[in-house]
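Trainee:
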Amino acid sequence: MAKIKFQTPTGMHDILPQDQVYFQKVYKTIEKAFDFYGFEKIDTPILENAELFSRSIGMNTDIVEKEMYILRTKEGKDALALRPEGTAPIMRAYLEHGLNTYPQPIKLWYHGPFFRHEKPQAGRYRQFWQYGFEVLGDKEAIVDAQTIVIMYNILCDLGINDSIVKINSIGDENCRGEYRKALVKFLRSKKNEFCKDCLRRTKTNPLRVLDCKDEKCKELMNEGPQIIDYLCEDCKTHLKSVLEYLEELKIPFTLDPFLVRGLDYYTRTVFEIEAPVTEEEGTGVLAGGGRYDILSKVLGKANIPSCGAAAGIERIVSAMKARKVEGVYASMPKVFISQIGPLAKKKGLLIFEELRKAGIKATESFSKDSLKAQLSRANKLNINIVIIIGQKEALRDMVIIRDMETGKQAEVNIKEMVKEVKKRLK
RNA sequence: GUGACUAUAGUGUAAUGGCAGCACAGGACCCUGUGAAGGUCUUAGUACGGGUUCAAAUCCCGUUAGCCACCCCA
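If you're matching positions, the first sequence starts at 644 in the working numbering and goes up one per residue.
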């Protein structure tokens, strides 16, 4: 038989206990924050009709063209996709369940795994974890500002307080067309000077030329048309308001006229939050989002003006590690139960339950018989108090309470045990 | 998808074509009812498949994976 080494599929990773503490910290923090901000949780299926994404994200985006995991159902009728992002499914749920009949806006949050078939790199996985939130059914600029503030503040709660918000407006369905025309005209007039990627983008997705990393393209674009000059009055006012709110809230942001985003459904406000991710220099995008007033129309209904954001949890965890964020460790047990002999072993199980009822976190090593090995383990676990029960004690309903720091021991009746342990834990 | 680099016990590393070693971690013991030090023993590895060679962890080719820069994006 061929020797097969089983491992995680390309670009997918296990989250081991040593990293779970960070993920748990993220989950606890966001749950608290979203509860405070008045958001309600939603879970949508991992699988959705593939067309939900191709329509909303855009047919010509890489996400849809190359990166979706698509599978056919047994009947062969439907093409289902592993969800590559969270906004379209939530809009689908909103429309499907008539959430527009409730007082608006609807504020929802989520976290879970997402899938994109990309070539993996650090901080880029084929299965990755995001949390995000959406405010559906509200067109006001203050919602955009609040979206940014919430995302920014959550990062602060997680110990990432040196992040920077980049913000831009990409106009709405009317004025963006005008700008796109002007941009394409400009690109064509200089087509011999732009890089070959930008020439391709001119045809497929001209806005993407704006964030080309090529130095020469960047220079050329400085003289090109700027979207801000093409925004219609409403979009201009909207952007101005958002910026005013952000200034009021003292959020560190920069207006980046070259910021665009990869998903077609965005209108007006788009933003990214960047921060150094590793201990070396170099910033990464931790979160991004924006307004998507036209998404619902693409899905076949009237416009539901909405705004939202999502963050990559793996990237946040790297950033937390680089900052040596505290408070990520799971609560360690304080008490260790050790036993000698078969009778004591049985009593040990009962003692364990006694402690649980009293809310005292305990651990044990019941499978080890030598007291030495048990104490050694307790020592490695940084245990404060060890309860020792042997044959002699078991017969008299007594236990020994040992203080691991001082080495002092006391024999107490099993009925007094919880009280005595609590006294010593103070 | 394109290009570069890398791959040795669980982890971190050594061996420059000639016996695969060390540290940490894990297990057992020295000590059959008392942890931390020390000591002894032990588990476990050249990613996979070919080739060159008397001899390959080492050189060559392919595959896989990781990582980095693009593409793109959280």
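Even glycine gets a Cβ: it sits at the ideal position worked out from N, Cα and C. Just so you know, these numbers come straight off a predicted model, no measurement behind them.
Start and end of the alpha helix (DSSP H) containing Y774?
Mentor: If you number the first sequence from 1, residue 774 lands on position 131. From DSSP, Y774 is part of no alpha helix (DSSP H) but of the beta strand (DSSP E) over Q770 to L779.
Trainee: Looking at A965 and Q773, is the spacing between their C-beta atoms short of 9 Å?
Mentor: Within the first sequence, the letter at position 130 stands for residue 773. Within the first sequence, the letter at position 322 stands for residue 965. Going by C-beta atoms, Q773 is not nearer than 9 Å to A965.
Trainee: Quick check for students: name the residue ranges of the alpha helix (DSSP H) that lie wholly in the region 837 to 886, counting only runs of 4 or more.
Mentor: For the region 837 to 886, whole alpha helix (DSSP H) runs of length 4 or above, ordered along the chain, are 839 to 847 and 858 to 865.
Trainee: Straight-line CA distance for K675 to K668?
Mentor: Translated into the one-based positions of the first sequence, residue 675 becomes position 32. Translated into the one-based positions of the first sequence, residue 668 becomes position 25. Answer to the nearest angstrom: the Cα atoms are 11 Å apart.
Trainee: Enumerate in chain order the residues of its own chain whose CB-to-CB distance from L798 is below 6 Å, with the five nearest sequence positions on each side excluded.
Mentor: Taking the first residue of the first sequence as position 1, residue 798 is located at position 155. Cβ neighbours of L798 beyond the five flanking positions: S806.
Trainee: Looking at Y753 and T686, is the spacing between their C-beta atoms short of 9 Å?
Mentor: Within the first sequence, residue 686 is the residue found at index 43, counting from 1. Within the first sequence, residue 753 is the residue found at index 110, counting from 1. The sequence given here places Asp at residue 686; Thr does not occur at that position. Cβ atoms of D686 and Y753: closer than 9 Å.
Trainee: Return the residue from the list Q747, C875 and E777 that minimises the CA-CA distance to L938.
Mentor: In the first sequence, counting from the first residue as 1, residue 938 sits at position 295. The option with the nearest alpha carbon to L938 is E777.
Trainee: By Cβ distance, which residues of its chain are closer than 6 Å to E928, with the 5 residues on each side in sequence left out?
Mentor: In the first sequence, counting from the first residue as 1, residue 928 sits at position 285. Correcting the residue identity first, residue 928 is Val in this sequence and not Glu. Excluding sequence neighbours, V928 sits near E915 and E917.
Trainee: Do G802 and M963 have their C-beta atoms closer together than 9 Å?
Mentor: In the first sequence, residue 802 corresponds to position 159, counting from 1. In the first sequence, residue 963 corresponds to position 320, counting from 1. The answer is yes: Cβ separation under 9 Å.
Trainee: Taking the beta strand (DSSP E) that N692 falls in, what are its first and last residues?
Mentor: In the first sequence, residue 692 corresponds to position 49, counting from 1. Residues L690 to N692.
Trainee: What does DSSP give as the partner residues of M1041 in its beta bridges?
Mentor: By 1-based counting over the first sequence, the position of residue 1041 is 398. N1056.
Trainee: Where does A788 sit, in a helix, a strand or coil, going by DSSP?
Mentor: Reading the first sequence from its first residue, position 145 is the one you call residue 788. In the structure shown, A788 sits in a helix (DSSP, three-state: H, G or I).
Trainee: Give the secondary structure of L906 by DSSP, where H, G and I count as helix, E and B as strand, and everything else as coil.
Mentor: As a working mapping, residue 906 is identified with position 263 in the first sequence. Looking at L906 - three-state DSSP - the assignment turns out to be coil, as it is neither helix nor strand.
Trainee: I'd like to confirm the pairing. Which residues does DSSP put opposite R715 in its beta bridges?
Mentor: Within the first sequence, residue 715 is the residue found at index 72, counting from 1. Answer by DSSP bridge pairing, in chain order: A722.
Trainee: Going by the DSSP bridge assignment, what does F757 pair with across the sheet?
Mentor: Here residue 757 corresponds to residue number 114 of the first sequence, with the count starting at 1. Beta-bridge pairing links F757 to F771.
Trainee: Taking the alpha carbon of N865 as the point to measure from, which residue in F896, V852 and I894 has its own alpha carbon closest?
Mentor: Numbered from its first residue, the first sequence carries residue 865 at position 222. Of the candidates F896, V852 and I894, the one whose C-alpha sits nearest the C-alpha of N865 is V852.
Trainee: Thinking L1024 and P976 are a contact (beta carbons under 8 Å), I'd like their distance in whole angstroms, please.
Mentor: Residue mapping note: residue 1024 aligns to position 381 of the first sequence, counting from 1. Residue mapping note: residue 976 aligns to position 333 of the first sequence, counting from 1. Right, the Cβ-Cβ distance comes to about 7 Å (below 8 Å), so this counts as a contact.
Trainee: Tell me the DSSP secondary structure of T1049 in three-state form.
Mentor: The residue given as residue 1049 occupies position 406 in the first sequence. Note: T1049 maps to coil in three-state DSSP.
Trainee: Select from I894, P849 and C950 the residue whose C-alpha is nearest the C-alpha of H881.
Mentor: Within the first sequence, the letter at position 238 stands for residue 881. Of the listed residues, the one whose Cα sits closest to H881 is C950.
Trainee: Go through the region 985 to 1009 residue by residue and report every complete run of the alpha helix (DSSP H) that reaches 4 residues or more, in order.
Mentor: Whole alpha helix (DSSP H) segments, 4+ residues: 985 to 1000.
Trainee: For E708, which option in E1048, D872, K720 and A693 has the closest C-alpha, if you only look at C-alpha atoms?
Mentor: Within the first sequence, the letter at position 65 stands for residue 708. The residue with the shortest Cα to Cα distance from E708 is A693.
Trainee: Do you know how far the Cα of F679 is from the Cα of F757?
Mentor: Here the question's residue 757 lines up with position 114 in the first sequence. Here the question's residue 679 lines up with position 36 in the first sequence. The alpha-carbon atoms of F757 and F679 are separated by roughly 26 Å.
Trainee: May I have the straight-line CA-CA distance separating E728 from N743, to the nearest angstrom?
Mentor: Stepping through the first sequence from its first residue, residue 728 is reached at position 85. Stepping through the first sequence from its first residue, residue 743 is reached at position 100. About 22 Å.
Trainee: Apart from the five residues just before and just after N1027, which ones in its own chain have a Cβ nearer than 8 Å to its Cβ?
Mentor: What you label residue 1027 is simply residue 384 of the first sequence in a count that begins at 1. If we look at N1027 and ignore the five residues flanking it on each side, its Cβ neighbours are K977, V978, D1046, M1047, E1048, R1067 and L1068.
Trainee: Is V913 helix, strand or coil when you go by DSSP?
Mentor: Within the first sequence, the letter at position 270 stands for residue 913. Three-state result, V913: strand.
Trainee: Between Q747, K1051, G741 and V1055, which lies nearest to A1037 when the distance is taken from Cα to Cα?
Mentor: By one-based count along the first sequence, residue 1037 stands at place 394. Taking only the C-alpha atoms, the option nearest A1037 is V1055.
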